[in-house]
Every structure is written in C-alpha cells, then in structure tokens.
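Since the structure comes first, as structure tokens, the remarks are kept for the end.
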Amino acid sequence: MSKGIATVLLILCLLVLVTAEDDEFPRVNCDEEGFWSIESIMQCQLVSDFLIAVAYFSIPLELVYFIISCTNIPFKWVMAQFIAFIVLCGMTHLLNGWTYAPHTFQLMLALTIFKILTALVSCATAITLITLIRLLLQLKVRELFLKKKAWELDGKLG
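Residue numbering for the sequence shown follows numbering that gives the first Met the number 0, beginning at 0 and increasing consecutively.
Structure representation (structure tokens):
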C-alpha cells in the first residue's frame, strides 16, 4: 500500500515539474558550459534511449527462450503480446535516439508508426490482463485446493 502511495506521489511531483510555468522556477542559463548544458542533456538522453532499446530487445529474446524451453506454459499468446509490446517500446526508443540530430520525414514517419503500434499493443495487453488475471487467480486457488486435498489424503494413507 505504501509503495503505491509513494509511486503516486512521485508521479505527481514529476507532473508538477514537467508542467511548471517558466517563471515558477529559477531560470537555467543553458548557454554556460557545464554538465547541464543543452548539449549534455541531449547526449544523456541519446545514450539513455539507446541503452533502453538494447534492454528492450534483449528481454524478448529471453522470453522466447523461456517459451521454447517450457512446453507447459498456459496462455502463450499473452507472452507473445508482451514480447510484441516490449519490442515496439524498444523500437520507439531506438528511433528516438536517431531523432536528436536533424532528421528526415521518413524517420519521423517511422517513429510515429512505431508509437501508434506501441500504443495499440499496449492497450490490447492491458485490456487482456484485466480478464486474464482474474482467471489466473482462480487457477491458483484450484491448484492450492488440490494440493491441500492431496496432502490430506497422503496423511490418511501414509
């Protein structure tokens, strides 16, 4: 519960900082050379976007390996949705990395298409999970019930 409250407070603080008017905070002179110049901020974002993309491309490979290695996974199609979601998120970060420099219309179009695809897959996955989590919880309850009954029978027979 406290984690949820802390997360909401952090998000609200970030929203306040992002949406703040210019006159509410002291101005930063970005012309000065220093760590927080416009150029260094852009470089940090560029490196971050590429590192995020690398992570987003490695996670689906691990999930695919898991699916191939484990034959009794229920709801493989949900894993496929997650894999698509993660790959598309990685593509948006990868393309964002290329848009820090002057870019072409085709690059912006590709970025827009991948963002739209990411939004669609993200929403589909979120909606799927609403119904699937309820079903998975019911399966877990049944599994625990059967384990308890098996343990009781083993105690009577053993």
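Yeah, the Cβ is synthetic: ideal placement off N, Cα and C, and Gly gets one too.
To the nearest angstrom, how far is the alpha carbon of residue i from that of residue j?
i: glutamine 44; j: phenylalanine 65; result: 32 angstroms
i: glutamine 137; j: cysteine 122; result: 24 angstroms
i: alanine 118; j: cysteine 88; result: 9 angstroms
i: glutamine 42; j: leucine 131; result: 41 angstroms
i: glutamate 151; j: leucine 143; result: 12 angstroms
i: isoleucine 129; j: serine 36; result: 44 angstroms
i: alanine 100; j: alanine 52; result: 17 angstroms
i: isoleucine 82; j: phenylalanine 104; result: 28 angstroms
i: serine 47; j: leucine 62; result: 23 angstroms
i: valine 86; j: lysine 147; result: 41 angstroms
i: lysine 155; j: alanine 125; result: 45 angstroms
i: aspartate 153; j: glutamine 80; result: 41 angstroms
i: phenylalanine 56; j: alanine 149; result: 43 angstroms
i: isoleucine 40; j: lysine 139; result: 47 angstroms
i: isoleucine 58; j: methionine 90; result: 13 angstroms
i: methionine 107; j: leucine 60; result: 27 angstroms
i: phenylalanine 84; j: histidine 102; result: 25 angstroms
i: leucine 94; j: arginine 133; result: 36 angstroms
i: glycine 96; j: glutamate 38; result: 14 angstroms
i: tyrosine 120; j: isoleucine 72; result: Reading off the sequence, residue 120 comes out as valine, not tyrosine. So the two alpha carbons sit approximately 21 angstroms from each other.
i: arginine 141; j: leucine 116; result: 37 angstroms
Can you tell me where the alpha helix (DSSP H) holding residue i begins and where it ends?
i: phenylalanine 104; result: 104–156
i: serine 47; result: 37–68
i: isoleucine 82; result: 75–97
Of the residues the options, which one's Cα is nearest the Cα of residue i?
i: phenylalanine 74; options: Leu135, Pro59, Gly154 and Leu145; result: Leu135
i: threonine 163; options: Val77, Ala54 and Ile58; result: Residue 163 falls outside the range modelled here, since the chain spans only 0 to 157, and no answer is possible.
i: phenylalanine 49; options: Leu106, Arg141 and Thr98; result: Thr98
i: histidine 92; options: Leu145, Arg133, Ala54 and Pro59; result: Ala54
Can you find a heavy atom of the ligand GTP that lies under 7 angstroms from the Cβ of residue i?
i: phenylalanine 81; result: Absent from the structure shown: the ligand GTP. Ligands present: none.
Stretch pair the stretch 99–119 + the stretch 55–71: three plus CB contacts closer than 8 angstroms: Contact between the stretch 99–119 and the stretch 55–71 is absent, because fewer than three Cβ pairs lie under 8 angstroms.
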